[in-house]
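Peer 1: Please read through the structure below; I'll follow up with questions.
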Amino acid sequence: MAELVKLSRQGDIAVITIDNPPVNALSPGIPEGIQEAVKQAARDSAIRAVVLIGAGQTFIAGADIREFGKIVSGARPRLSLLPYLQSIEDSPKPVVAAIHGQAFGGGLETAMSAHYRVITPTAQVGQPEVKLGLIPGAGGTQRLPRLAGVVKALEMCAGGEPVKAQDALMAGVVDRIVGENLLEEAVAFAGSIAAEPFRKTRERNEKLAQANPVIFAVARQQAQAKARQMIAPLRAIDSVEAATKLPFDAGCKREAELFNECLFGDQSKGLIHVFFGERAVSKIPGVGKDTKTYSIKRAAIVGAGTMGGGITMAYANAGIPVIVKETAADALDRGLANIRKNYANTVAKGKLSQAAMNQRLALITPQLTYDGFDQADIIVEAVFENMQVKKQVFTEIDKIAKPDCILASNTSSLDIDEIASATARPEMVIGNHFFSPANVMRLLEVVRGKKTSKEVIATSMALGKRLGKVAVLAENCHGFIGNRMVGPYFREAQFLVEEGASVEQVNQALYDFGMAMGPLAVDDLAGLDVGWAIRKEFARFEKPGVRKPLVADKLCEMGRFGQKTGRGWSQYDEKRKPSPDPETAALIEKTAREAGIERRQISSQEIVDRCIYALVNEGARVLEDGIALRAVDIDITYVFGYGFPAWRGGPMFYADTVGLGTVLARIEAFERQHGADLWAPAPLLKKLAQEKSAFSDFDQQREAGAMAG
Ligand code: 3HC
Ligand code: NAI
């Protein structure tokens, strides 16, 4: 039997312990080990029942996700877990799964093959496979509806959200909630049921009778609305439906076919890339687990505008007391009113209790002075995007803050080193770039200045996790990773309308590609005035003679700032519903005519290629300039901060799936058409395409280099 699975005895109860740190994934050796242990327990006449438990922090987090890549590439055949789980279910002695931490995916499927399940109060169960673009593939779609009913099984298999112990008990997924002394209580429970007759889950067909076509039709509709363009939720529903129509074995066969369809499709590759990427971005060469971090117990925010308010909420949501300072009473009142309104909306939606809202508000201290800033462990500046204003604020806070207080700027593009130069402690200064709305968006771009200490970086990365964010490290440059790349993306969107595409066509093409919103809709939402101010600030860097978008400035001069003024690229009604704006269309046409731009029919494919390849090309430069550590850091930035579809894996991964040779050829064609200033291919992209390799190869080489170094 493999070392990964241990068999021991507690009196007349056998205990099978899975010990595969960190999360007891069902890696090769584990299913075989469980099967062998169950057999041994069956043979041992002194044993009356069996407990199956996980060592460490969790029961079983699922199949080993790393194996999927090997299977898809043909390096390893697909190991079906079904026969192994069948052997648990076929055990002549009752098996009790003892769940703590998580029983996710294959972990829950293992637990459901046992005859009983006991769970600690804080544990969770779930079938999160759809989040990886997969469906449960080890009988989950067949056993779960038998235990929990079709509706709950659809919710869990197609939605992928975890279910807490109490909910799992109510639904029938588990049989009992026990105390945190899990092993002892599970063994006692096993002893208490050992003499009783027990049933196999596969034979518990009663709850399948509740199925009717309406349930499945509604589930499909919901899945399409919630997970636009995603295939796996629909296949999960198909598979649960199969459970209601086919005998268990045939249902499992159908499940395996649907699982394979998802596994070999592109969406699971993209989502698995994002799963590991989300974890990879926390690894920074030279900033290891042993790097000291500062303890963050109190925070202070300067500015209660759009971002300051959201950042204040992010801290309060994490239970960190936070002071928020404004310059004038009306601005402070407005900021606080927004915070209250946001919380109240969440309460109204039933996603937060009134008591929790009150608790969070109690953590927030609004004020017009710097009182208490000398106690803060971190101060986050979120004032106007203007270097002089920011330097003034940093000069002030540098005088007040205690020596080990981190001074963070939420700037979206300005030079962190110049901001740090306003202080006597540049090693404590860092960029903490949140995304709007800061209490919701998951990305935190952590920007390292030349002198930022590694302890300050490590603290920001860890703090990001505490605030529920995904923190990505960027080096200091204009726009860092995300906004530097978004420049060419927005540029192309605007060029396309000047060349003849409609605003709606550009938005729709990118929405259909999978972006959360079209680029011009994003511009209207963020406020055209924001980009206008930035363009003015950076006008000195513009290269003379290079084409630049012409319409946005004119819209701003007309007072059209997007949603906030009701008109921008589109026009908006009171409910902020957009419709085409004929005056904008006329303005675009007139501007193009005056500039001598030839207007033509433009396909959706060209819109997607120009906008997305502009991102990819700039992304390659960001990578070779060392602004991002890895290509996957760019992907995570775009998926969590810019609404890039996770199932496409992010812009760099998407380029890999298209093939860098194809991407390069298209960029070279754009270069011939629109000039080298705008479209010269990034040298790294050219090199990788010529070598027939990919951005993922680049990441692997960098990682190997970092390890060797
Ligand atoms: N397979 C392989 N590695 C896994 C894994 C899995 N199922 N789950 C987690 N890991 C790895 C992570 O990559 C990470 O590795 P690293 O330290 O090298 O970066 C390490 O385990 C720790 O993971 P987290 O950082 O995520 O730890 P947390 O404590 O924050 O979270 C968790 C733990 C809630 C279990 C979370 O890891 C998780 O949700 N894991 C994925 C669960 C999942 O999707 N299961 C379904 C798998 S597919 C399946 O089971 C198919 C089946 O139906 C046939
Ligand atoms: P905003 O205009 O909504 O808020 C700025 C606030 O700072 C105003 O309320 C102003 O009164 C206040 N302020 C100015 N000087 C101050 C001082 N000395 N002390 C206290 N308060 C002061 O601006 P917004 O959008 O919140 O932007 C703030 C920063 O966040 C900028 O650097 C911006 O680039 C960045 N950012 C903005 C994003 C967005 O989508 N709006 C996204 C990410 C970053």
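Numbering (the numbering used here), first residue to last: 12 to 720.
We put the beta carbon where it would ideally sit given N, CA and C, even for glycine.
Is residue 269 closer than 9 angstroms to residue 254 when the C-beta atoms are compared?
Peer 2: Going by C-beta atoms, residue 254 is not nearer than 9 angstroms to residue 269.
Peer 1: Can you tell me the Cα-Cα spacing of residue 124 and residue 183, whole angstroms?
Peer 2: 14 angstroms
Peer 1: Buried or exposed: residue 265, going by 16 or more other Cβ atoms within 10 Å of its Cβ?
Peer 2: buried
Peer 1: Measure the alpha-carbon distance for residue 512 versus residue 172 and round it to whole angstroms.
Peer 2: 40 angstroms
Peer 1: Considering only residues of the region 336–409, which uninterrupted beta strand (DSSP E) runs meet the minimum length of 3 residues and lie entirely inside it, listed in chain order?
Peer 2: 375–378, 389–392
Peer 1: Indicate the three-state DSSP secondary structure (helix, strand or coil) for residue 497 in the structure shown.
Peer 2: helix
Peer 1: I'd like to know whether the C-beta atoms of residue 169 and residue 244 end up nearer to each other than 9 angstroms.
Peer 2: Going by C-beta atoms, residue 169 is nearer than 9 angstroms to residue 244.
Peer 1: Go ahead and label residue 471 buried or exposed: buried means 16 or more other beta carbons lie within 10 angstroms of its beta carbon, across all protein chains shown.
Peer 2: buried
Peer 1: Terminal residues of the continuous beta strand (DSSP E) containing residue 420?
Peer 2: 417–420
Peer 1: For the ligand 3HC, is there a heavy atom less than 8 angstroms away from the beta-carbon of residue 77?
Peer 2: Yes, Cβ of residue 77 sits closer than 8 angstroms to a heavy atom of the ligand 3HC.
Peer 1: Out of curiosity, what's the CA-to-CA distance linking residue 550 and residue 669?
Peer 2: 35 angstroms
Peer 1: Against chain D, with Cβ distances strictly below 9 angstroms, would residue 685 count as a contact?
Peer 2: The chain inventory of the structure shown lacks chain D, comprising one protein chain alone.
Peer 1: Give a yes or no on whether the C-beta atoms belonging to residue 159 and residue 137 are separated by under 9 angstroms.
Peer 2: no
Peer 1: Taking residue 485 as the reference, give the member of 65, 453, 293, 432 with the closest Cα.
Peer 2: 293
Peer 1: Which same chain residues end up closer than 6 angstroms to residue 13 when comparing Cβ atoms and leaving out the 5 residues on each side of it in sequence?
Peer 2: Confidence at residue 13 is low in this model, with a pLDDT of 46, below 50, so the placement of that residue should be treated as unreliable; the coordinate-derived value is given next. Cβ within range, chain order: 40, 44.
Peer 1: I'd like to know if the region 620–632 and the region 458–469 are in contact, where contact means that at least 3 CB-CB pairs between them fall below 8 angstroms.
Peer 2: no
Peer 1: Going by CA-CA distance only, name the one from 33, 701, 130, 530 that's closest to residue 673.
Peer 2: 701
Peer 1: Measuring straight from C-alpha to C-alpha, what distance separates residue 633 and residue 426?
Peer 2: 16 angstroms
Peer 1: To the nearest angstrom, report how far apart residue 708 and residue 442 are at their CA atoms.
Peer 2: 29 angstroms
Peer 1: Compute the distance between the beta-carbons of residue 508 and residue 599, then report whether it is under 9 angstroms.
Peer 2: yes
Peer 1: Alpha carbons only, please: which of 50, 573, 251, 202 is nearest the one belonging to residue 226?
Peer 2: 251
Peer 1: So, residue 163 versus residue 155, is the Cβ gap smaller than 9 angstroms?
Peer 2: Their beta carbons are under 9 angstroms apart, which means residue 163 touches residue 155 by this criterion.
Peer 1: Jot down the residue ranges of each uninterrupted alpha helix (DSSP H) in the region 18–96, minimum 4 residues, whole runs only, in chain order.
Peer 2: 41–54, 76–83
Peer 1: Going by alpha carbons, who is nearest to residue 339 out of 333, 347, 332?
Peer 2: 347
Peer 1: DSSP beta-bridge partners for residue 582?
Peer 2: 578, 590
Peer 1: From the DSSP output, in three-state form, read off residue 265 for me.
Peer 2: helix
Peer 1: Does DSSP put residue 145 in a helix, a strand or coil?
Peer 2: In the structure shown, the three-state DSSP call for residue 145 is coil.
Peer 1: On the DSSP letters alone, give me the boundaries of the alpha helix (DSSP H) that residue 429 sits inside.
Peer 2: 427–431
Peer 1: Would the region 315–324 and the region 349–361 be scored as touching if the rule is three or more Cβ pairs under 8 angstroms?
Peer 2: The region 315–324, when compared against the region 349–361, does touch it at the 8 angstroms Cβ threshold.
Peer 1: Compare the Cα-Cα distances from residue 504 to each of 514, 495, 496 and report the closest residue.
Peer 2: 514
Peer 1: Span of the beta strand (DSSP E) holding residue 445?
Peer 2: 440–445
Peer 1: Closer than 8 angstroms to a non-hydrogen atom of the ligand 3HC - does that hold for the CB of residue 143?
Peer 2: yes
Peer 1: Check whether the Cβ of residue 526 sits closer than 8 angstroms to any heavy atom of the ligand NAI, and report yes or no.
Peer 2: For residue 526, the shortest separation between its Cβ and any heavy atom of the ligand NAI does not lie below 8 angstroms.
Peer 1: If I follow the unbroken alpha helix (DSSP H) through residue 541, where does it start and stop?
Peer 2: 539–548
Peer 1: Does DSSP classify residue 259 as helix, strand or coil?
Peer 2: helix
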